[in-house]
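To start, the structure under review is shown below, and the notes come after it.
Numbering (our numbering), first residue to last: 58 to 226.
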């Protein structure tokens with residue numbers, strides 16, 4: 058799993074090819090060992106790295122695999138659904154993307170996973186803003202954002218705050 062995280066980080070920093078190699082090595086090791094632990098997360102990271110490498114079709118296929126790989130492992134499902142929504146936006150499937158974001162929010166709320174809920178809500182709010190539903194976007198994003206009392210220097214909270222500021226104008 059360390060290779061997956063390293064590969065994902067490398068892809069995020071602009072070395073998608075190198076990142077993909079590391080993630081695939083990690084997945085091969087898991088398959089050899091017969092391990093299914095965190096497979097949803099591992100495949101989601103692979104899908105994100107594929108998208109960063111411009112391989113959107115492969116990323117969509119991979120995120121579908123992630124969502125099917127271990128359905129009982131719910132902990133990573135909200136993030137995988139958010140990723141699928143983001144990918145669907147890239148191929149102009151806005152309604153399906155919105156449904157993914159809403160599903161991710163619902164699963165995260167059920168699990169009381171506020172970080173996953175924030176990420177999915179930010180993506181949905183961004184989509185709603187593009188569709189002209191600024192007030193709905195602002196209200197829903199403010200509700201989850203205001204739940205947080207710390208961690209305001211994290212990427213997700215910074216992103217949410219920037220969108221809230223944009224929606225306030």
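Built from N, CA and C at the ideal position, the CB exists for glycine as well.
ask   = When you compare only the Cα positions, how much space is there between residue 185 and residue 86?
value = 41 Å
task = Using the Cα positions of residue 132 and residue 66, report the straight-line distance between them to the nearest angstrom.
result = 21 Å
message = Tell me which residue opens and which closes the alpha helix (DSSP H) that residue 158 is part of.
response = 151–168
query = How many Å lie between residue 195 and residue 226 at the Cα?
reply = 11 Å
query = Do three or more CB pairs link the stretch 115–132 to the stretch 151–163 at distances below 8 Å?
reply = no
task = Could you check the C-alpha separation between residue 70 and residue 89 for me, to the nearest Å?
result = 29 Å
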